[in-house]
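Working notes, beginning with the structure itself.
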Amino acid sequence: MNISLTPEQEKFIDRLVESGKYISASDAVSQAVRLLQDRYIVYQGRLAELQKEITIGIEASERGEVFDGEEVFAELDPEIRAP
């Protein structure tokens with residue numbers, strides 16, 4: 214596989230290798246891909262959690278288990294202002 218980097222990205226990789234942080238440009242790019250994979254896994258997990266919470270909210274709404282937003286904020290306002 215061949216990849217293209219911007220000149221700035223190449224300079225960044227070169228600095229990392231020159232500093233000894235990575236033994237080669239390939240090593241640095243491999244680590245970057247691993248981090249991207251980890252980030253993707255976390256993102257997918259969070260997305261699944263959010264979709265589950267949305268489903269729970271929709272089901273509660275369909276059952277009529279809802280609160281008027283203005284009433285909730287009116288009740289919270291004095292609590293927030295209390296010392």
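The numbering used here puts the first residue of the sequence shown at 214, with every later residue one more than the last.
All residues carry an ideal CB built from backbone N, CA and C; glycine is no exception.
Only a predicted model underlies this, so the values are computations on that prediction, with no experimental measurement involved.
Taking C-alpha positions only, Ser232 is separated from Arg247 by approximately 20 Å.
Per DSSP, the unbroken alpha helix (DSSP H) holding Tyr256 starts and ends at Ala238 to Glu275.
Comparing alpha-carbon positions, the option among Glu272, Arg259, Ala238 and Lys234 lying closest to Ser217 turns out to be Ala238.
Counted as a single uninterrupted DSSP element, the alpha helix (DSSP H) harbouring Asp227 occupies residues Pro220 to Glu231. Nearest in C-alpha terms to Val242, of all of Val230, Ala273 and Glu278, is Val230.
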